[in-house]
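So the mapping is simple: my numbering equals the position in the sequence shown, first residue as 1, plus 8.
This report concerns only the one structure given below.
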Amino acid sequence: MVGSDLGAGMRAAAERFGAAPLVFHGPRGVLATRLDELHRRALRVAAGLAELGIAPGDVVAVQLTGRVESAVAQAAVLLRGAVVLPIVPIYGLRELRFVLHQSAAAALITWDERAAEVRALSAELPGLQRVLAVGDADWKALEAHPPSGAPEAPDPDGICVLVYTSGTTAEPKGVQHTHRSMLAELATMPEHGEGYVYLDAFPPGHVAGLCVLLRALVNGTSTVFMERWDAETALDLVHEHGVTASAGVPFHLAALLDAAERSERGAGTLREYLVGAASVPPVLVERAERAGIAAYRAYGSSEHPTISSGGAGDPAGKRATTDGTLKPGTRVRIVDLDGNDVPVGEEGEIWSRGPEVFAGYRDPALNAQAFTPDGWLRTGDVGRLDPDGHLTVTDRLKDIIVRGGEKISSKEVEDMLAAHPAVAEAVAVAEPDERYGERVCAFAVLRAGEELDLDGVRRHFASLGAARQKTPERLVVVDALPRTAAGKVRKHVLREEARAWTS
């Protein structure tokens with residue numbers, strides 16, 4: 009990786025890794041291209057954006073599914089020296105209006121129907137200069153534009169990426185990253201030898217999806233992009249393209265393992281899987297191990313993309329029960345409610361700092377709550393460090409259930425429930441209780457043909473030797489859990505549902 013900004017890194021990668029294959033799979037079919045070919049398309053679009061008046065530093069939003077045009081558009085924005093704002097494809101007009109307004113986006117690149125809807129809102133978005141629909145005459149003119157020279161090298165500490173959090177709690181928050189912080193994130197992924205092929209299951213708009221794209225564009229990683237997640241299709245792509253590595257939330261890995269078990273072909277060439285962005289039960293990592301896949305956990309956020317990570321070569325026990333070790337240059341503090349460091353092995357809130365930390369929110373009023381006065385990022389997550397330096401995230405501060413003064417980790421409850429043979433996936437939230445303040449409410453998705461009731465849950469928790477207060481006092485069996493576009497469970501929806509029963 010060469011250069012002090014993303015555009016320079018992309019140009020260097022196109023020269024060094026030009027033959028790297030990139031495959032885009034979606035409803036319209038499969039497009040196979042090379043890194044240097046995609047780079048040339050992006051250079052033309054970048055020159056066209058300049059002619060349309062898009063200046064370095066302008067925000068350009070891209071709301072597209074994971075098709076090749078999305079990759080070209082995002083690369084072009086960065087090559088122009090502008091700020092790329094990838095937006096989750098499932099965001100509706102309400103969310104999109106909020107993001108475009110708060111970001112002061114100068115342009116939007118999207119699909120035909122959405123472009124027409126946004127143009128109708130032009131009076132509400134006075135800063136929006138251009139709305140471009142992929143496939144229309146304006147877009148085709150951009151792709152046909154002759155490339156021009158590179159813009160003046162941007163400030164490494166200048167904003168180049170703006171992503172909005174996936175909205176699991178409230179209004180999305182605009183997270184701003186610099187060239188320096190994004191290049192630091194890309195440096196956490198070591199170069200891989202010949203034969204390494206990555207499968208991308210994350211949608212554009214999520215920080216993980218953006219990082220996968222940038223690793224292809226800047227690190228030259230051979231990548232297969234899925235426009236729509238489907239486990240059977242993912243398994244087909246693994247076998248067809250010799251995929252060796254992938255990543256996703258527990259939902260993705262569990263569904264892929266289900267597909268592999270149904271298939272006589274098994275997991276094929278897939279050898280490692282990074283699973284994170286949500287609570288990861290150890291039994292899932294152990295199940296992947298039996299399928300020949302070295303799954304490992306990682307921990308990060310939009311604000312600090314990779315704080316810690318395991319690796320395929322780590323001991324199985326560490327991969328199943330910890331979120332790995334800290335990335336180079338990253339430091340964490342584990343603190344109590346007063347901000348005092350706790351002893352090694354004890355739980356507290358995780359504070360982090362390092363080269364990948366974001367530059368601040370688009371709304372600066374949010375920064376005071378996010379950062380301590382001396383610059384530590386308050387993650388809002390609870391965890392502990394073991395003597396070997398492995399970090400384990402145990403909960404979100406707001407997900408801790410307090411029953412009669414006893415603090416209960418929702419993740420611990422979820423891990424125990426996930427160990428039941430009938431349970432495919434489980435979530436624990438606090439339900440208001442007149443006597444104890446809160447009690448444990450569990451939502452569970454069961455495996456096909458299985459049944460489970462509250463008595464069965466009680467017997468299971470008793471067999472594990474769990475304390476009585478940790479045993480769920482309500483069980484809700486559901487067909488599916490509410491999710492964000494990236495696959496995270498929308499816990500606040502379940503908490504609201506639990507509160508509604510007692511109101």
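Where is the CB? At the ideal position from N, CA and C, for every residue including glycine.
Remark: C-beta atoms of alanine 115 and valine 171 do not approach each other more closely than 8 Å. With the rule of 3 Cβ pairs closer than 8 Å, the segment 312–330 counts as touching the segment 357–374. For serine 254, the uninterrupted beta strand (DSSP E) segment begins and ends at 253–256. According to DSSP, isoleucine 301 shares a beta bridge with no other residue. Counting of Cβ neighbours within 10 angstroms places glutamine 377 among the exposed residues, the total staying below 16. Under the three-state reduction of DSSP output, phenylalanine 366 falls in the coil class, being neither helix nor strand. The continuous beta strand (DSSP E) containing phenylalanine 233 extends over residues 231–234.
Residue environment for asparagine 375: exposed (fewer than 16 other C-beta atoms within 10 angstroms of its C-beta). When secondary structure is reduced to three states using DSSP, phenylalanine 259 falls in the helix class. Ranked by how close their Cα comes to the Cα of glycine 325, the residues Ala224, Ala302, Val246 and Ile416 have Ala302 in first place.
Here leucine 282 is buried, its C-beta having at least 16 other C-beta atoms within 10 Å. When secondary structure is reduced to three states using DSSP, serine 271 falls in the coil class, being assigned neither helix nor strand. Scanning its chain for C-beta atoms nearer than 6 Å, with the 5 sequence neighbours on each side dropped, one finds around valine 350 the residues Ile342, Asp344 and Gly356, in chain order.
Leaving aside the five residues that flank aspartate 382 on each side, none in its chain has a CB nearer than 7 Å to its CB.
Just so you know, the alpha carbons of proline 290 and alanine 328 end up roughly 5 Å apart.
The beta carbon of histidine 153 sits closer than 6 Å to those of Arg52, Ala55 and Gly56, all from its chain and outside the five residues before and after it, given in chain order. Distance from tyrosine 307 to aspartate 331 at the Cβ level is roughly 4 Å; contact confirmed, criterion being Cβ atoms closer than 8 Å. In this structure the segment 57–67 touches the segment 106–115; the number of beta carbon pairs closer than 8 Å is three or more.
For valine 401, DSSP records a beta bridge to Gly391. By the Cβ-count criterion, valine 126 is buried, with 16 or more other Cβ atoms from all chains shown falling within 10 Å of its own Cβ. Contact between leucine 385 and valine 365 holds: CB atoms are separated by about 6 Å, below the 8 Å threshold.
Inter-residue distance for leucine 462 and valine 486 is about 14 Å (C-alpha atoms, whole angstroms).
In the displayed model, proline 372 falls within a helix according to three-state DSSP.
One alpha carbon belongs to glutamine 110, the other to aspartate 371, and they sit about 8 Å apart. Counting only residues of its own chain and dropping the five nearest sequence neighbours on each side, serine 12 has a CB closer than 6 Å to the CB of Pro164. DSSP places glutamine 477 in the helix class (H, G or I) of the three-state scheme. Here aspartate 44 has Ala22 and Gly26 as same chain residues with Cβ atoms under 6 Å from its own Cβ, once five neighbours each way along the sequence are excluded. Boundaries of the beta strand (DSSP E) around valine 431: 431–441.
Of all alpha-carbon atoms in Ala84, Arg19 and Leu30, the one lying nearest the alpha-carbon of arginine 49 is that of Ala84. Leucine 264 is classed as buried because its beta carbon has at least 16 other beta carbons within 10 Å across all chains shown. Between aspartate 407 and lysine 499, the CB-CB gap stays under 8 Å. Shown here, histidine 468 sits in a helix according to DSSP, grouped into three states. Under a 10 Å Cβ-count criterion, proline 97 is classified as buried, with 16 or more other Cβ atoms of the shown protein chains found around its own Cβ.
Inclusion of valine 435 and valine 497 in the CB contact set at 8 Å is warranted, their separation being smaller than that value. Sequence-distant partners of histidine 428 (beyond 5 residues in either direction) whose C-beta falls short of 6 Å from its own C-beta, in its chain, are His468. Here the C-alpha atom of glutamate 280 lies approximately 25 Å from the C-alpha atom of arginine 75.
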